[in-house]
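Asker: What the sequence shown shows, in this note's numbering, is residues 9 to 548, in sequence order. In this text, a Cβ means the ideal position worked out from N, Cα and C, and glycines have one as well.
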Amino acid sequence: METGRTRMELTLIIYRYVLFTAFLFLVLVKLSHSFPSTQGKNLPYLTSDVEEVSGKSFDYIVVGGGTAGCPLAATLSERFSVLVIERGGSPYGNPLVSDKMYYGFPLIQPDEFSSVAQSFVSKDGVESHRGRVLGGSSAINGGFYSRASDDFVKTVGWDEELVKEAYEWVESNIVFKPELTIWQSVVELGLLEAGILPYNGFSMEHIEGTKIGGTLFDEYGIRHTSADLLETGNPENIIVLLNATVKNIIFHVNGKGNESMVRGVRFIKSDGSTSQTYEAYLNQPENSSSWGDVILSAGALGSPQILLLSGIGPEKHLRNFGIPLVLDLKGVGKEMKDNPGIALLADTKPTHRFPDAPQVAGITKDMKFIVEGGIVPISFNATRMPIAIKLAFPESKGTLELNSTDPRQNPAVEFHYLEKEKDLEECTKMVQLLNKIAGSRSVVLFLGKERQNNLMSSQDELRNFCKKNVRTYYHYHGGSTVGSVVDDDYKVHGIKGLRVIDGSTFLESPGTNPMATVLMLGRYQGIKIVRERQNTSVKS
Numbered sequence: 009m010e011t012g013r014t015r016m017e018l019t020l021i022i023y024r025y026v027l028f029t030a031f032l033f034l035v036l037v038k039l040s041h042s043f044p045s046t047q048g049k050n051l052p053y054l055t056s057d058v059e060e061v062s063g064k065s066f067d068y069i070v071v072g073g074g075t076a077g078c079p080l081a082a083t084l085s086e087r088f089s090v091l092v093i094e095r096g097g098s099p100y101g102n103p104l105v106s107d108k109m110y111y112g113f114p115l116i117q118p119d120e121f122s123s124v125a126q127s128f129v130s131k132d133g134v135e136s137h138r139g140r141v142l143g144g145s146s147a148i149n150g151g152f153y154s155r156a157s158d159d160f161v162k163t164v165g166w167d168e169e170l171v172k173e174a175y176e177w178v179e180s181n182i183v184f185k186p187e188l189t190i191w192q193s194v195v196e197l198g199l200l201e202a203g204i205l206p207y208n209g210f211s212m213e214h215i216e217g218t219k220i221g222g223t224l225f226d227e228y229g230i231r232h233t234s235a236d237l238l239e240t241g242n243p244e245n246i247i248v249l250l251n252a253t254v255k256n257i258i259f260h261v262n263g264k265g266n267e268s269m270v271r272g273v274r275f276i277k278s279d280g281s282t283s284q285t286y287e288a289y290l291n292q293p294e295n296s297s298s299w300g301d302v303i304l305s306a307g308a309l310g311s312p313q314i315l316l317l318s319g320i321g322p323e324k325h326l327r328n329f330g331i332p333l334v335l336d337l338k339g340v341g342k343e344m345k346d347n348p349g350i351a352l353l354a355d356t357k358p359t360h361r362f363p364d365a366p367q368v369a370g371i372t373k374d375m376k377f378i379v380e381g382g383i384v385p386i387s388f389n390a391t392r393m394p395i396a397i398k399l400a401f402p403e404s405k406g407t408l409e410l411n412s413t414d415p416r417q418n419p420a421v422e423f424h425y426l427e428k429e430k431d432l433e434e435c436t437k438m439v440q441l442l443n444k445i446a447g448s449r450s451v452v453l454f455l456g457k458e459r460q461n462n463l464m465s466s467q468d469e470l471r472n473f474c475k476k477n478v479r480t481y482y483h484y485h486g487g488s489t490v491g492s493v494v495d496d497d498y499k500v501h502g503i504k505g506l507r508v509i510d511g512s513t514f515l516e517s518p519g520t521n522p523m524a525t526v527l528m529l530g531r532y533q534g535i536k537i538v539r540e541r542q543n544t545s546v547k548s
């Protein structure tokens with residue numbers, strides 16, 4: 009017994025020494041290379057001074073410098089002047105964003121107005137987060153990159169060649185092939201042992217089986233967010249206003265009196281230091297057919313919230329907040345979905361390990377379940393090792409409504425997790441699969457624990473476990489969906505000069521992780537808008 013204990017203690021000492029040595033090596037590498045990517049070197053002009061923007065006009069105003077907004081702005085800037093209004097600050101020089109060693113730390117202690125992650129609790133009682141920084145949620149997530157399936161692209165009706173081109177543009181700038189960490193290699197083996205086959209190796213495609221996906225972290229552990237894509241644009245044509253929150257959209261009614269036209273936006277300082285409202289406008293060339301747009305890219309919570317604050321949405325709800333009606337568009341805030349997730353802790357107690365973002369995914373045969381594992385901080389000196397699974401196509405859906413007229417406050421959102429019986433049945437299968445993975449030989453041997461029997465055997469136990477432990481996978485979407493709120497060109501119905509381009513337009517979350525497709529969407533729609541303007545110029 010003493011010999012076994014001695015061996016275990018020696019193993020722990022060696023393991024801690026290896027970790028410490030690896031930590032020193034990473035520090036030395038980062039110091040010696042001094043951030044080799046030169047992130048932010050070729051960025052457009054960034055400012056937090058609202059006076060520099062107030063009263064000025066631009067061809068396009070992009071509301072939200074996030075996952076979709078940055079590639080969209082970069083693309084539009086090739087030919088047009090663009091103002092990007094971002095409610096958060098810059099990600100550059102912030103190790104909580106840029107350094108993989110601090111993955112997950114922004115979610116630990118968010119504050120009300122300034123942290124890079126803003127927390128919210130849905131009316132279902134599930135806590136979640138949204139990005140509040142240039143780069144959006146691509147600055148705080150796990151950085152896992154995987155395209156949408158071919159079927160998704162065909163169903164949505166996108167141009168397949170242009171989609172491919174847009175994905176490749178994103179990938180050539182900010183996506184990398186990861187070197188698997190030890191824990192990710194263990195998770196990979198656990199997925200295979202649980203029968204998630206075939207093994208596909210490294211792939212950015214959304215395909216059945218176990219695979220290694222792309223990542224936003226480079227070989228030095230530096231994160232490359234969507235903000236880096238601004239470097240590909242024309243810096244003379246972009247201004248990025250940081251720490252400013254859009255309050256609402258400015259309209260005027262055209263001569264016919266039957267269609268509202270966007271004039272610009274009103275915004276405030278995000279820190280609340282003043283109640284003063286500022287304005288920025290769209291350029292108004294003589295030929296009104298060549299006007300640009302205000303484009304909402306504020307995310308699945310932000311974009312429908314801004315529409316509502318601007319008087320676009322269900323009339324009764326707007327009346328409750330004293331907001332003048334611009335358009336009774338009942339689809340705003342509807343079709344809200346969040347893929348329900350369940351997580352099991354592979355370890356038995358908190359320890360202190362390096363955070364580890366997901367690099368491997370298991371996608372079940374019918375594409376319904378997606379499994380990933382990681383190491384996440386639960387405090388500044390303790391981590392846990394969850395293996396998490398999500399339901400890809402939930403039937404349950406909810407709504408988003410205003411909480412207040414303060415645009416800095418989160419709207420009220422309810423997803424109705426597992427409300428539909430089919431979703432709950434699928435969840436019980438997810439728990440059973442998780443038990444197989446967490447109890448796999450590879451995971452058990454790596455963590456040095458005994459294989460545990462499944463303590464939940466009956467359907468009632470599994471169902472109760474799901475109801476009590478359902479969580480977010482941070483892939484929420486909807487609220488400004490194609491069809492009910494925007495058309496196939498992402499133009500808001502009944503409003504001239506207003507589009508929504510982000511995850512709020514999705515009816516389903518695409519691929520293993522939606523980030524890749526949201527990045528692609530910004531580039532894709534930017535190209536389409538530029539081409540549309542070119543065709544209009546030729547005709548006129």
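Taking only three categories from DSSP, how would you classify Leu517?
Answerer: Along the sequence shown, one-based indexing puts residue 517 at 509. The question names Leu, but residue 517 in the sequence shown is Ser. Coil at Ser517, not helix or strand.
Asker: Does the count of Cβ pairs from the segment 280-293 and the segment 58-78 closer than 8 angstroms reach three?
Answerer: Result yes; three or more Cβ-Cβ pairs closer than 8 angstroms.
Asker: List the residues that DSSP assigns as beta-bridge partners of Arg479.
Answerer: In the sequence shown, the residue the question calls residue 479 occupies position 471. Note: Arg479 sits in a beta bridge opposite Gly349.
Asker: So if DSSP puts Gly370 in a beta bridge, which residue, or which two residues, is it bridged to?
Answerer: Here residue 370 corresponds to residue number 362 of the sequence shown, with the count starting at 1. DSSP output for Gly370 lists Thr218 and Val379 as bridge partner(s).
Asker: DSSP has Glu409 in a bridge; who is on the other side?
Answerer: Position 401 of the sequence shown holds residue 409. Paired residue(s): Ala420.
Asker: With a threshold of 8 angstroms on Cβ separation, who are the neighbours of Gly209 within its own chain once the five nearest residues in sequence on each side are excluded?
Answerer: By one-based count along the sequence shown, residue 209 stands at place 201. So the list reads Lys219 and Ile220, once near-sequence residues are dropped.
Asker: Please return the same chain residues whose Cβ sits closer than 7 angstroms to the Cβ of Leu213, not counting the five positions on each side in sequence.
Answerer: The sequence position of residue 213 within the sequence shown is 205, counting from 1. According to the sequence as given, residue 213 is Glu; it is not Leu. Answer for Glu213: Arg155, listed in chain order.
Asker: Enumerated in chain order, which unbroken segments of the beta strand (DSSP E) with a length of 3 residues or greater are wholly contained in the segment 230-313?
Answerer: Segments of the beta strand (DSSP E) lying fully in the segment 230-313: 246-249, 252-261, 268-277, 286-290 and 302-304.
Asker: For the candidate residues Leu315, Asn256 and Ala354, whose alpha-carbon lies nearest to that of Lys457?
Answerer: The residue labelled residue 457 in the question sits at position 449 within the sequence shown. Answer by Cα proximity: Ala354.
Asker: So, does the CB of Val129 fall closer than 9 angstroms to a CB anywhere in chain D?
Answerer: Going by chain labels, chain D is absent from the structure shown, which holds only one protein chain.
Asker: Kindly indicate which three-state DSSP category Gly72 falls into: helix, strand or coil?
Answerer: For this step, residue 72 is matched to residue 64 along the sequence shown. Coil, per DSSP.
Asker: Confirm, please, whether the CB-CB distance from Ile69 to Gly321 is below 9 angstroms.
Answerer: Residue 321 sits at position 313 when you count from the first residue of the sequence shown. Residue 69 sits at position 61 when you count from the first residue of the sequence shown. Going by C-beta atoms, Gly321 is not nearer than 9 angstroms to Ile69.
Asker: What ranges does the alpha helix (DSSP H) occupy inside the segment 123-183, keeping only unbroken runs of at least 4 residues that lie completely in it?
Answerer: Listed in chain order, they are 158-164 and 168-182.
Asker: So, Leu326 versus Gly96, is the Cβ gap smaller than 9 angstroms?
Answerer: Working through the sequence shown from its first residue, we reach residue 326 at position 318. Working through the sequence shown from its first residue, we reach residue 96 at position 88. It is not a contact, given that the beta carbons lie outside the stated cut-off.
Asker: DSSP puts Met344 in a beta bridge; with which residues?
Answerer: Walking along the sequence shown from the start, residue 344 turns up at place 336. DSSP output for Met344 lists Gly406 as bridge partner(s).
Asker: What would DSSP say about Asn50, mapped onto helix, strand or coil?
Answerer: By 1-based counting over the sequence shown, the position of residue 50 is 42. Asn50: coil per DSSP, three-state reduction.
Asker: Which residues mark the beginning and the end of the alpha helix (DSSP H) in which Thr83 is found?
Answerer: Walking along the sequence shown from the start, residue 83 turns up at place 75. First-last of the alpha helix (DSSP H) with Thr83: Gly77 to Leu84.
Asker: Leaving out the 5 sequence neighbours to the left and right, which residues in its chain are closer than 8 angstroms to Asp496 when beta-carbon positions are compared?
Answerer: Within the sequence shown, the letter at position 488 stands for residue 496. Only Gly165 and Val490 meet the Cβ criterion.
Asker: Taking 8 angstroms as the cut-off, is the CB of Pro394 close to at least one heavy atom of the ligand GDP?
Answerer: This structure lacks the ligand GDP, and indeed carries no ligand of any kind.
Asker: Drop a sphere of 10 angstroms on the beta-carbon of Glu168, count the other beta-carbons inside from all chains shown, and report buried for 16 or more, exposed for fewer.
Answerer: One-based indexing of the sequence shown puts residue 168 at position 160. So Glu168 counts as exposed.
Asker: Could you check the C-alpha separation between Met269 and Phe259 for me, to the nearest Å?
Answerer: Sequence index remark: in the sequence shown, residue 269 carries index 261 (1-based). Sequence index remark: in the sequence shown, residue 259 carries index 251 (1-based). Approximately 5 angstroms between the Cα atoms of the pair.
Asker: Once DSSP output is grouped into helix, strand and coil, what is the label at Leu529?
Answerer: Counting from 1 along the sequence shown, the entry for residue 529 is found at position 521. Helix at Leu529.
Asker: Could you tell me which residues DSSP puts in a beta bridge with Ala390?
Answerer: Here residue 390 refers to the residue found at position 382 of the sequence shown. Paired residue(s): Ser387.
Asker: Please state if the CB of Ala306 and the CB of Phe275 are separated by a distance shorter than 9 angstroms.
Answerer: As a working note, residue 275 is residue 267 in the sequence shown. As a working note, residue 306 is residue 298 in the sequence shown. Not in contact: Phe275 and Ala306 (Cβ atoms no closer than 9 angstroms).
Asker: Candidates Leu80, Phe128, Ala420 and Tyr111: which alpha carbon is nearest Gln367's?
Answerer: Locating residue 367 in the sequence shown gives position 359, counting from the first residue. If we check each option's Cα against that of Gln367, Tyr111 comes out closest.
Asker: If I follow the unbroken alpha helix (DSSP H) through Arg327, where does it start and stop?
Answerer: Here residue 327 refers to the residue found at position 319 when the sequence shown is read from its first residue. It spans Glu323 to Asn328 - the alpha helix (DSSP H) in which Arg327 sits, taken as one unbroken run.
Asker: In three-state DSSP terms, what is Tyr110?
Answerer: As a working note, residue 110 is residue 102 in the sequence shown. Helix, per DSSP.
Asker: Taking the alpha carbon of Lys553 as the reference point, which residue from Asp346, Val384 and Glu343 has its own alpha carbon closest?
Answerer: This structure cannot speak to residue 553, because the chain is shown only from 9 to 548.
Asker: In terms of residues, what are the limits of the alpha helix (DSSP H) holding Ile445?
Answerer: Residue 445 sits at position 437 when you count from the first residue of the sequence shown. Element bounds for Ile445: Glu429 to Ala446.
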